[in-house]
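Numbered as in this note's numbering, the sequence shown ends at 1633 without a single skipped number. Note that the Cβ used here is the ideal one computed from N, Cα and C, for glycine as well. In what follows, a single structure is set out as structure tokens and then discussed.
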Amino acid sequence: MQNILTQTINFVKKTLATAEAGHDWFHIERVYKTAQTINKTEKADVLVVALAALLHDIADSKFNGGDEEIGPQKAGDFLASIGVQPEIINEVKLIIKNLSFKASFGEINYASKELDVVQDADRLDAIGAIGIARAFTYGGFKNRVLYDPAIKPNLQMTKEEYKNTTAPTINHFYEKLLLLKDLMKTETGKAMAQQRHDFMLTYLEQFYAEWEGKK
């Protein structure tokens, strides 16, 4: 197993060498480590969890013209090239396909303990201190304004609206980040999410106070 993981890590590092900072190797590494922490209590398949965590953003659709099939396909092709068993490849591809927040806009026909572990780990990296940093990094990458009081969060977005939004970064807190706590599946994920969620609320309170020149 270690040889498979080593080859996978090297592949991901090389592939994401020039990735946007919020979706680079360090994001992958954090999700990988968090998934291992969660899995200490969940006891899902260790190899499937590790491979899915490492490969979940190998070709994120938002950087590939909205193509939601390229990620699972690229992950599957790589795993096949290093001789991973077909049943494991299939599980990893299904996890990657159903992992993202935008996948929740449609009908989900797949569920597994492994998906729960990796999904919680990925969502945890979207909230808290690092989640805030990633939100503004991506907002800068897309040249979005920080905040515009005249543009209210859209809490009824369709999947296409979510994929194509150009809203201020602060709106993203209400349209996604603050919703993630209640979407956690594992007990460890729920506990970790609560602390990070509370931190975001504190941050927003400070942000608005500074915006109005009160602090």
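As assigned by DSSP and simplified to three states, the class of residue i
i       : result
GLN1503 : coil
ARG1541 : helix
ILE1513 : helix
ARG1562 : coil
GLY1631 : coil
PRO1567 : coil
TYR1528 : coil
ASP1463 : coil
ASN1457 : helix
THR1576 : coil
Neighbour-count burial assignment, residue i, 16 or more Cβ in a 10 Å radius
i       : result
PRO1504 : exposed
THR1424 : exposed
MET1610 : buried
ASN1421 : exposed
THR1576 : exposed
ASP1495 : exposed
ASP1616 : exposed
PHE1429 : buried
LYS1599 : buried
Contact under 8 Å by Cβ, residue i with residue j
i       : j       : result
LEU1564 : ILE1588 : yes
GLU1623 : LYS1531 : no
ILE1476 : GLY1489 : yes
TYR1556 : GLY1440 : yes
LEU1465 : THR1426 : no
ASP1538 : MET1602 : yes
TYR1450 : ALA1471 : yes
ILE1514 : LEU1473 : yes
ILE1456 : THR1604 : yes
ARG1614 : ILE1545 : yes
Option nearest residue i by Cα separation, candidates the options
i       : options                               : result
PRO1567 : PHE1519, SER1499, TRP1629 and ILE1422 : TRP1629
TYR1528 : VAL1510, HIS1615, ALA1553 and ASN1457 : VAL1510
ASN1572 : THR1584, ASN1561 and ARG1562          : THR1584
MET1419 : PHE1625, ALA1435, ARG1552 and VAL1502 : VAL1502
Item to complete: Output the residue ranges of the alpha helix (DSSP H) runs that lie fully inside the region 1578-1614 and measure 4 residues or longer, sorted by chain position.
Response: Fully contained in the region 1578-1614 are the following alpha helix (DSSP H) runs of length 4 or more, in chain order: 1587-1593.
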